[in-house]
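Shown next, in structure tokens, is the structure this report addresses.
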Amino acid sequence: MPSLIKRRRIDHGLPPFDWKLLKIVEELGSGTFGSVHCGTYGKDKKTVVIKKLKSESGDAKSRFIKEAKMLLGITHANIPAFLGFSDSPYAIMMDYVMLDFQPFGLEKQVSNFEDFCHFVDDEWNFDSFADVLVVCVKDVVNALEYLHKRDIAHRDLKANNVLITNQHYCHEDKESVSHIYAECPVVCKLTDFGLSRSLDAQTQSILQSRTEEIIRGTPVYMAPGIHLGILKSANQIDLKKPGYL
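The sequence shown stops at residue 353 when you use the numbering used here, and every number in between is there.
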């Protein structure tokens, strides 16, 4: 008769979370490598974001663990906090952020800069958009500067990889909201580090990709220098992209 042996949990050197204590609320997005969900975790039902790996290949799992370890070593106001890792299934838990329009009298929430732009462009005449845009670009540049100082290139900067939040004043009274909004209308956080690599390794990858005609990232958001073959380092590519937001 076959015997059942409980699979031993591998210590990846990452703070673990128990998938069984997670309740998925909704899917926020899905891509080639994985899906992103909003959910609640634990007895206190903390709202979190879960990035779940789709592929079962060893290479995909290895890259996913590297992404988690990279996030574990990052602490910055403009990058979401890493909360935990699961290997059954493979998933990363991060802090949930969103922008709530309730202080402005609207029942609407968005989580990323792309959705924010669509909403204010299609459904709402938002006369302070220029002020918000300046803050978003500044926050993204601050995040990139932090990453580059730590020898990390993001590689996939685009509007839906920039989270946007106003939780710092959502529960304040109307007068306080006005004062806080004037100083800091939103906070933006750079997310999705699945394509991130060290600057040295990524610069070599750019040169190799040029030879092999391989394009990594999202083509429509890529710096023109990649397509033209004139950008020579990963940080140049990252710093060209905030203007595309």
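Where is the CB? At the ideal position from N, CA and C, for every residue including glycine.
For residue i, which residues from the same chain have a beta carbon less than 7 angstroms from its beta carbon, with the 5 sequence-adjacent residues on both sides left out?
{"i": "residue 210", "result": "278"}
{"i": "residue 254", "result": "184"}
{"i": "residue 285", "result": "211 and 277"}
{"i": "residue 227", "result": "216 and 218"}
{"i": "residue 280", "result": "288"}
{"i": "residue 196", "result": "127"}
For residue i, is the classification buried or exposed, using 16 other Cβ atoms within 10 angstroms of its Cβ as the cut-off for buried?
{"i": "residue 194", "result": "buried"}
{"i": "residue 192", "result": "buried"}
{"i": "residue 125", "result": "buried"}
{"i": "residue 233", "result": "exposed"}
{"i": "residue 242", "result": "exposed"}
{"i": "residue 263", "result": "buried"}
Since I believe residue j is in contact with residue i (beta carbons under 8 angstroms), could you give me their beta-carbon distance rounded to a whole number of angstroms?
{"i": "residue 131", "j": "residue 155", "result": "Not quite, the Cβ-Cβ distance comes to about 10 angstroms (not below 8 angstroms), so this is no contact."}
{"i": "residue 298", "j": "residue 173", "result": "The Cβ separation is near 21 angstroms, so there is no contact."}
{"i": "residue 270", "j": "residue 249", "result": "Residue 270 to residue 249, Cβ: 11 angstroms. No contact."}
{"i": "residue 157", "j": "residue 204", "result": "5 angstroms"}
Give every residue of the same chain whose Cβ lies closer than 6 angstroms to the Cβ of residue i, excluding the five residues on either side of it in the sequence, and list them in chain order.
{"i": "residue 272", "result": "207, 221, 224, 294 and 296"}
{"i": "residue 282", "result": "none"}
{"i": "residue 189", "result": "203"}
Which same chain residues end up closer than 8 angstroms to residue i when comparing Cβ atoms and leaving out the 5 residues on each side of it in sequence?
{"i": "residue 143", "result": "135, 137, 159, 160 and 162"}
{"i": "residue 239", "result": "293"}
{"i": "residue 122", "result": "173, 176, 177, 180, 192 and 193"}
{"i": "residue 140", "result": "162"}
- beta strand (DSSP E) runs contained entirely in the region 113-191, provided each spans 3 or more residues: 130-138, 142-149 and 154-161
- Item | Completely contained alpha helix (DSSP H) runs for the region 199-230, where each covers 4 or more residues | 221-230
- Message: Could you tell me which whole beta strand (DSSP E) segments of length 3 or greater appear in the region 221-286?
- Response: 270-273
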